[in-house]
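Residue numbers (the numbering used here), protein chains in the order written: chain B, 1 to 203; chain A, 204 to 321. Quick reminder that beta carbons are idealized off the backbone N, C-alpha and C, glycines included. All figures in this text were calculated on a predicted structure; none of them were measured in a lab. Structure first, commentary second.
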Amino acid sequence: MAEAHEAVARIAEHGRATPDGGAGPRDHGPAPQPDDVALAEVMRRREQLGDEPPRFNIAANDDAYGYLDAHTDDRHGPGIPLPRVPGRKTVEGRIHGDWPWHKPENWSFRWSDPSTMNRTVNDYVERNWDRIRDDLALDGGHDGTFDAGHRVGQGYYNDGMFGVGPRNSHYAETSYVKIRIRLVPDSDPAESYILTTFPLGIM
Amino acid sequence: MDISRLPEPMRARVEARNALSSLDRVREFLGSHVLDADSLDEVRADLRRTAHFSTMRHRGDLAALEAVAAEQHAPGTLARLVGWEANWVLDDPSDAGAAQFLRELAQLLREVIDDAER
Chain B
1 MAEAHEAVAR IAEHGRATPD GGAGPRDHGP APQPDDVALA EVMRRREQLG
51 DEPPRFNIAA NDDAYGYLDA HTDDRHGPGI PLPRVPGRKT VEGRIHGDWP
101 WHKPENWSFR WSDPSTMNRT VNDYVERNWD RIRDDLALDG GHDGTFDAGH
151 RVGQGYYNDG MFGVGPRNSH YAETSYVKIR IRLVPDSDPA ESYILTTFPL
201 GIM
Chain A
204 MDISRLPEPM RARVEARNAL SSLDRVREFL GSHVLDADSL DEVRADLRRT
254 AHFSTMRHRG DLAALEAVAA EQHAPGTLAR LVGWEANWVL DDPSDAGAAQ
304 FLRELAQLLR EVIDDAER
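Structure follows, in structure tokens:
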């Protein structure tokens with residue numbers, strides 16, 4: 001933490017060190033180099049994200065950031081029926097590319113229930129906030145895969161792997177999770193949201 | 204960006220990613236941007252949003268995609284990587300089809316980087 005503060009202060013208050021060893025105030029020193037500007041932006045975003053991990057409610061998150069493709073509930077929400085039903089959006093139907101899915105997939109899972117979904121996401125964010133914050137500040141995104149240690153969702157997989165052979169679907173349950181967190185472009189102060197999070201059919 | 208000036212945890216993360224084999228780096232890229240996407244337009248939109256902040260990671264990912272698409276791999280490696288791990292069902296699910304898909308992703312990523320750095 002001290003190192004981060006020090007880096008911010010160094011970049012914000014001084015230009016790059018000059019060949020003769022000077023590093024005067026920005027107004028009087030050399031113009032900042034592109035590297036300095038990029039580094040200062042990274043450290044500024046990191047500071048803005050803060051020490052305290054945010055808490056997420058997936059339904060509210062998807063409502064607020066749907067315009068940025070937030071889609072957990074839409075594709076993996078616990079309200080999506082599991083077994084394939086003609087003419088309805090189902091978890092199993094995604095294996096086959098049934099309407100309204102846009103393409104077939106080899107595995108398709110949903111969250112078991114809203115409380116498991118929100119608790120699992122917030123537990124992960126709280127435990128890994130330092131790393132998440134660094135990734136968001138540096139790259140604008142964080143991607144994580146983890147074992148929640150208990151069942152988080154259920155769904156189907158196609159054992160005609162890679163689409164070879166007739167498509168089929170088999171029911172399975174999982175404790176593994178994928179999460180993608182992103183920064184809102186142009187947010188100042190930096191603001192994070194869940195792009196998507198879903199139970200993983202494979203590891 | 205001069206990564207040597209980043210605080211230690213950040214620098215270590217960048218160095219660890221840069222030390223990945225091309226295949227593992229592509230695996231990570233697919234898991235971050237392709238898995239669960241409904242279309243290549245959605246992949247492009249996510250890449251553009253993250254490129255808004257930095258293209259450093261994207262440039263490394265592009266080099267890995269180009270390398271993996273050009274290299275020889277054990278039979279089934281690329282088909283499994285794309286069809287199973289990235290969960291992307293191709294009309295041609297063979298290794299050759301998967302290599303072509305990776306080349307298309309490389310081109311898409313190249314365009315995103317060019318736009319961001321213009």
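With distances taken Cα to Cα, identify the nearest neighbour of residue i among the options.
i: residue 60 of chain B; options: B:49, B:116, B:73 and B:48; result: B:73
i: residue 179 of chain B; options: B:150, B:149, B:143 and B:160; result: B:143
i: residue 268 of chain A; options: A:284, A:218 and A:319; result: A:284
i: residue 147 of chain B; options: B:48, B:130, B:202 and B:85; result: B:202
i: residue 265 of chain A; options: A:320, A:228, A:257 and A:253; result: A:228
i: residue 53 of chain B; options: B:190, B:149 and B:130; result: B:130
i: residue 155 of chain B; options: B:189, B:68, B:109 and B:102; result: B:109
i: residue 159 of chain B; options: A:226, A:232, A:249 and A:286; result: A:286
i: residue 274 of chain A; options: A:226, A:215 and A:211; result: A:226
i: residue 291 of chain A; options: B:91, B:101 and B:105; result: B:105
i: residue 220 of chain A; options: B:138, B:68 and B:189; result: B:138
i: residue 189 of chain B; options: B:62, B:55, B:181 and B:49; result: B:49
i: residue 172 of chain B; options: B:111, B:75 and B:63; result: B:111
i: residue 231 of chain A; options: A:241, A:271, A:211 and A:318; result: A:271
i: residue 157 of chain B; options: A:288, A:307 and A:294; result: A:288
i: residue 223 of chain A; options: A:254, A:211 and A:260; result: A:260
i: residue 279 of chain A; options: A:254, A:300 and A:211; result: A:300
Name the DSSP beta bridge partners of residue i, please?
i: residue 109 of chain B; result: B:155
i: residue 180 of chain B; result: B:143 and B:196
i: residue 172 of chain B; result: B:155
Could you compute how far the alpha carbon of residue i sits from the alpha carbon of residue j?
i: residue 184 of chain B; j: residue 316 of chain A; result: 19 Å
i: residue 239 of chain A; j: residue 177 of chain B; result: 13 Å
i: residue 107 of chain B; j: residue 152 of chain B; result: 15 Å
i: residue 167 of chain B; j: residue 42 of chain B; result: 46 Å
i: residue 298 of chain A; j: residue 309 of chain A; result: 16 Å
i: residue 57 of chain B; j: residue 118 of chain B; result: 6 Å
i: residue 99 of chain B; j: residue 169 of chain B; result: 16 Å
i: residue 302 of chain A; j: residue 51 of chain B; result: 42 Å
i: residue 89 of chain B; j: residue 80 of chain B; result: 7 Å
i: residue 218 of chain A; j: residue 149 of chain B; result: 30 Å
i: residue 96 of chain B; j: residue 256 of chain A; result: 37 Å
i: residue 236 of chain A; j: residue 86 of chain B; result: 30 Å
i: residue 200 of chain B; j: residue 296 of chain A; result: 21 Å
i: residue 132 of chain B; j: residue 313 of chain A; result: 26 Å
i: residue 47 of chain B; j: residue 193 of chain B; result: 17 Å
i: residue 209 of chain A; j: residue 126 of chain B; result: 23 Å
i: residue 82 of chain B; j: residue 40 of chain B; result: 48 Å
i: residue 191 of chain B; j: residue 124 of chain B; result: 18 Å
i: residue 181 of chain B; j: residue 277 of chain A; result: 34 Å
i: residue 128 of chain B; j: residue 233 of chain A; result: 22 Å
i: residue 22 of chain B; j: residue 66 of chain B; result: No answer about residue 22 of chain B holds up, because its pLDDT of 37 lies below 50 and its placement is not dependable.
i: residue 186 of chain B; j: residue 207 of chain A; result: 26 Å
i: residue 102 of chain B; j: residue 245 of chain A; result: 12 Å
i: residue 241 of chain A; j: residue 249 of chain A; result: 12 Å
i: residue 70 of chain B; j: residue 140 of chain B; result: 15 Å
i: residue 114 of chain B; j: residue 55 of chain B; result: 14 Å
i: residue 282 of chain A; j: residue 307 of chain A; result: 15 Å
Taking residue i and residue j to be in contact with their CB atoms under 8 Å, please state how far apart those CB atoms are, rounded to whole angstroms.
i: residue 243 of chain A; j: residue 305 of chain A; result: Contact flag wrong, Cβ pair sits at about 12 Å.
i: residue 197 of chain B; j: residue 121 of chain B; result: 6 Å
i: residue 134 of chain B; j: residue 213 of chain A; result: 5 Å
i: residue 84 of chain B; j: residue 77 of chain B; result: No, residue 84 of chain B and residue 77 of chain B are not in contact; Cβ-Cβ is about 17 Å, not under 8 Å.
i: residue 45 of chain B; j: residue 136 of chain B; result: 7 Å
i: residue 68 of chain B; j: residue 247 of chain A; result: Contact flag wrong, Cβ pair sits at about 14 Å.
i: residue 258 of chain A; j: residue 215 of chain A; result: Rounded, the Cβ-Cβ distance is 21 Å, inconsistent with contact.
>> Runs of 4 residues minimum, wholly inside the stretch 223–309 of chain A: which ones carry the alpha helix (DSSP H) assignment?
In response: 225–232, 243–254, 259–273 and 280–283
> Along the chain, which unbroken stretches of the beta strand (DSSP E) at least 3 residues long are found entirely within the stretch 49–116 of chain B?
Replying inline: 107–111
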